Amino acid sequence: MPLWKPDPTFYASPRDAVSAPPEKLAYVAAFDPTSQGPDAVLVLDADPDSAAYGSVVGRTELPNTGDELHHMGWNACSSALCPYAPHPHVERRYLVVPGLRSSRMYFVDVKKNPTSPEIAKILEPDELSKRAGYSRPHTVHCGPEGLYVASLGGANGHDGPGGIALLDHDSFEVLGRWEVDRGPQHLAYDAWWHIAHDVLVTSEWGTPSMIEDGVVGELLLGRRYGHAIHFWDMRKRRHVQRVDLGDQHQMALELRPAHDPTKQYGFVNVVVSVEDLSSSIWVWHRENGAKDGPWTATKVITIPAEPAPESALPPVIQPFGAVPPLVTDIDLSVDDRWLYVSCWGTGELKRYDVSDPFHPVEAGSVRIGGIVNRTPHPSAPDVPLSGGPQMVEVSRDGRRVYVTNSLYRSWDDQFYPDGVGAWMAKLDSSEAGFGFDPRFFPNGDDFGGLRVHQTRLQGGDASSDSYCYP
Amino acid sequence: MTDGSLAALVALGAFHGLNPAMGWLFAVARGLQERSRTRVLEALPAIAAGHAASVGAVALLLTLTRSVVAAQAVAVVGGVALVAFGLWRLLSKRHFRWVGMRLSLRQLAGWSFLMSSAHGAGLMLLPVITASGSAQGLAHAHGLGHAAGSAVSAAVFVTGVHTLAMFVTAGVIALLVYDVLGLTVLRRAWLDLDRVWAVALVGAGAFALATV
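Heads up: the sequence lines are chains G and U, in that order. Be aware that the first sequence starts at 0, since it is given in numbering that gives the first Met the number 0, and climbs by one per residue. Be aware that the second sequence starts at 0, since it is given in numbering that gives the first Met the number 0, and climbs by one per residue.
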């Protein structure tokens, strides 16, 4: 049923969104690492006043196996208020949940019963391949005129190119391939936009054959994984420019554009440099700070590898004698002030003040997990932890930060061969600093044998919504 | 033209001006993006022009038809069209889709034309024009002679009054929101006017049919 007033979770501007009430529930994409049982959307209690705070209070199992849930998105978000295609009387109601391995997509109703989501629709893999020519759906973003689903792979016998499928946001049918002219773009991963500038940005990981059985050493050392970002004309759906970060910078993944729609910059993380195993964060921007014209990218953060004895390293990185930080996710607070950086290899979550995006200032760091360190959580100081901070999500008000520890099934097994485990942690963040909330640490059996990947917060979060007004 | 139909024309224009989806919100967005009131102001005529083109096309069609077809037939066909369009707007979840914030003023006028047309903005002129007597009657008031010419002048008059009301309302609200209220007001005050409009279309169509 349409609403008479705009959905209360929609905000015109990031300034308004910061005043959003705290989330009471968190939704987490979880998958069965054996592929024998079903994956699930888990519901976590995030209300500190609740007796069940920090525990799994809901679990919606999916009717198939081997989906490998990964990222999720909303059917509608604040972009519904955008002036050119306004429709704010729809509900933010469905989580769009792609299976990264199966290419199946689920639409899960979280409104009817928020702690017991119901599957409203299933889109079988052939819908995506037949209508859009893509597979391995990954990122979902709610645009004012449809759902954008960035997909890693091609279809119908083709490994690539990956690209964006456009879905109708009412019927959830696949409308088709988004790109009219893809230019040199072949590899895909993330997609997001500068919505008020009609600019779409995409990043690069690899095609399914390059990633599904784990990272391939020859491809990595041969510098064959993605190392560029692409800029597109969102109206014409045409490729505009490819910005190469340099082929030593392997895997350019998460795109975090400024939420302020008047700005044209954003952050992207590079997982690993094949020269020194460092990770890096880049800011993309127009050349010379102009309003139009060519794009470029500047490296603003470098996080070095940490030396480690060979015996402490898994075979995949043993020859290097160091543990790479492996920055696999970053997240930008809605006020564009703080950038959170997950170092999945070294087991560290860093926070940077990016008020000046070109000169980030480190403003806090916590250690948890890590290939070598195995740092425990403060509330269970005797339990060494596998995995590291991976997907990181920030609440709209910027005060709470959630992290989960799984990257991707086959990669988990390579970097944490003795078991990546499963845990989720929450941190409180303020001007003064940030640190773990000792009361929020669901782990291990709490997840019923599943690994946990992305978190989506009830009502929206820092990476779910875009705004058309400053 | 009766006072009642004139008032109805103005009210319809004001209603369209009030609706954020019909353009003032776009004008405000353009202003906020560049922190410039000039951008708000220059957008409004373009939006009004697009609206006028959409409404004017319907008005012309109606007045020309009325000048050659029996009033009864126009009322019946028009009434059915109104009810059908209103029901479709009411029951369909589809909304106007467009991609792009950075439009030239010409493109903005085009956007406004399409938005108004998808909304059926001109359709409500049917009961107004039907109620205002024959096209000749309308035209005599303006001192014009033959049927086609009078139909055109009637359409221009109707469109002009309607658009002026729309333009003034949209302009006042745009400036009020830009300078005083801010966009937080949207969360509280943006009623689903499209649904109100759909119901009104159905009602007006039904009324036209009932009074044939």
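For glycine and all other residues, C-beta sits at the position ideal for the given N, C-alpha and C. Everything numeric in this text was worked out from a predicted model, so none of it was measured.
CB contact below 9 Å: residue i versus chain U
{"i": "G:His258", "result": "no"}
{"i": "G:Cys81", "result": "yes"}
{"i": "G:Tyr468", "result": "yes"}
{"i": "G:Ser12", "result": "yes"}
{"i": "G:Ile194", "result": "yes"}
{"i": "G:Lys4", "result": "yes"}
{"i": "G:Phe30", "result": "no"}
{"i": "G:Pro377", "result": "no"}
{"i": "G:Pro164", "result": "In the sequence as presented, Pro is not what sits at residue 164 of chain G; that position holds Ala. No - not a single Cβ of chain U is within 9 Å of the one on G:Ala164."}
{"i": "G:Val139", "result": "no"}
{"i": "G:Tyr200", "result": "Note that residue 200 of chain G is Val in the sequence shown here, rather than Tyr. Answer no: the Cβ-Cβ gap between G:Val200 and chain U never drops below 9 Å."}
{"i": "G:Val89", "result": "yes"}
{"i": "G:Gly459", "result": "no"}
Cβ-based neighbour list, residue i, same chain, cut-off 6 Å, excluding 5 preceding and 5 following
{"i": "G:Glu253", "result": "Asp189, Asn268, Asp328, Ile329"}
{"i": "U:His141", "result": "With a pLDDT of 47 at U:His141, under the threshold of 50, the predicted position of this residue should be treated as unreliable, though the coordinate-derived value follows. Excluding positions up to five away in sequence, the list reads Ser152."}
{"i": "G:Arg14", "result": "none"}
{"i": "G:Val391", "result": "Asp328, Asp330, Tyr339, Ser341, Val402"}
{"i": "G:Pro138", "result": "This sequence places Thr at residue 138 of chain G; Pro is not what is there. Only His70, Ala149, Asp189, Ala190 meet the Cβ criterion."}
{"i": "G:Pro380", "result": "none"}
{"i": "G:Ile316", "result": "none"}
{"i": "G:Ala16", "result": "Tyr10, Val333, Arg395"}
{"i": "G:Arg323", "result": "One point to set straight first is that residue 323 of chain G is Pro, not Arg, in the sequence displayed. Val271, Leu276, Ala304, Gly344."}
{"i": "G:Ala461", "result": "Asp330, Ser332, Val333, Val393"}
{"i": "U:Ala26", "result": "Val39, Ala42, Leu43, Ala173"}
{"i": "U:Leu59", "result": "Ala154"}
Straight-line Cα distance separating residue j from residue i
{"i": "G:Val27", "j": "G:Val451", "result": "7 Å"}
{"i": "G:Ala362", "j": "G:Asp125", "result": "47 Å"}
{"i": "U:Arg93", "j": "U:Gly109", "result": "20 Å"}
{"i": "U:Val198", "j": "U:Phe84", "result": "10 Å"}
{"i": "G:Phe30", "j": "G:Ser134", "result": "18 Å"}
{"i": "G:Arg350", "j": "U:Leu81", "result": "58 Å"}
{"i": "G:Ala296", "j": "G:Pro183", "result": "18 Å"}
{"i": "G:Val353", "j": "G:Val282", "result": "10 Å"}
{"i": "G:His248", "j": "G:Glu203", "result": "11 Å"}
{"i": "U:Met276", "j": "U:Leu17", "result": "Shown here, chain U extends from 0 to 211; a query on residue 276 of chain U therefore has no answer."}
Any chain G beta carbon closer than 9 Å to residue i
{"i": "U:Ala20", "result": "yes"}
{"i": "U:Ala28", "result": "yes"}
{"i": "U:Gly119", "result": "no"}
{"i": "U:Gly49", "result": "no"}
{"i": "U:His15", "result": "no"}
{"i": "U:Glu41", "result": "no"}
{"i": "U:Gly136", "result": "Model confidence at U:Gly136 stands at a pLDDT of 49, short of 50, so the residue's coordinates are unreliable and nothing is read from them."}
{"i": "U:Arg187", "result": "yes"}
{"i": "U:Met123", "result": "no"}
{"i": "U:Trp196", "result": "no"}
{"i": "U:Val73", "result": "no"}
{"i": "U:Phe206", "result": "no"}
{"i": "U:Phe166", "result": "no"}
{"i": "U:Asp178", "result": "no"}
Classification of residue i by the beta-carbon crowding that lies within 10 angstroms, buried from 16 upward
{"i": "U:Val195", "result": "exposed"}
{"i": "U:Val67", "result": "exposed"}
{"i": "G:Glu286", "result": "exposed"}
{"i": "G:Trp231", "result": "buried"}
{"i": "G:Thr33", "result": "exposed"}
{"i": "G:Asp335", "result": "buried"}
{"i": "G:Ser12", "result": "buried"}
{"i": "G:Val360", "result": "exposed"}
{"i": "U:Ala6", "result": "exposed"}
Cut-off 7 Å between Cβ atoms - residues of its own chain near residue i, not counting five sequence neighbours on either side
{"i": "G:Pro377", "result": "Phe435, Pro437"}
{"i": "G:Glu22", "result": "Ala45, Ser394, Leu456, Gln457, Gly458"}
{"i": "G:Gly145", "result": "Leu165, Leu166, Asp167, His168, Leu174"}
{"i": "G:Ser208", "result": "Asp158"}
{"i": "U:Trp189", "result": "Pro19"}
Sequence-distant residues of the same chain with beta carbon closer than 8 Å to residue i, five excluded per side
{"i": "G:Asp275", "result": "Pro303, Ala304"}
{"i": "G:Ser101", "result": "Asn63, Gly65, Asp66, Glu67, Pro124"}
Any non-hydrogen atom of the ligand COA within 8 Å of residue i CB
{"i": "U:Thr37", "result": "Judged by which ligands are present, the structure shown has none, so any question about the ligand COA falls away."}
**OP:** Assess, as a yes-or-no matter, whether the region 88–108 of chain G is touched by the region 117–131 of chain G under the definition of 3 or more beta carbon pairs within less than 8 Å.
**Re:** yes
**OP:** Evaluate the contact criterion for the region 427–435 of chain G versus the region 49–69 of chain G: three or more CB pairs, one atom per stretch, below 8 Å.
**Re:** no
Original post:
Between the region 57–64 of chain G and the region 36–45 of chain G, are three or more C-beta pairs nearer than 8 Å?
Top reply: yes
**OP:** Taking 8 Å as the threshold, find out whether the region 109–119 of chain U comes into contact with the region 41–57 of chain U through three or more Cβ pairs.
**Re:** yes
**OP:** Please confirm if the region 71–83 of chain U is in contact with the region 148–166 of chain G, defined as three or more CB-CB distances below 8 Å between the two stretches.
**Re:** no
Subject >> the region 210–221 of chain G / the region 415–422 of chain G touching (three or more Cβ pairs under 8 Å) >> reply: no
**OP:** Assess, as a yes-or-no matter, whether the region 189–209 of chain G is touched by the region 232–252 of chain G under the definition of 3 or more beta carbon pairs within less than 8 Å.
**Re:** yes
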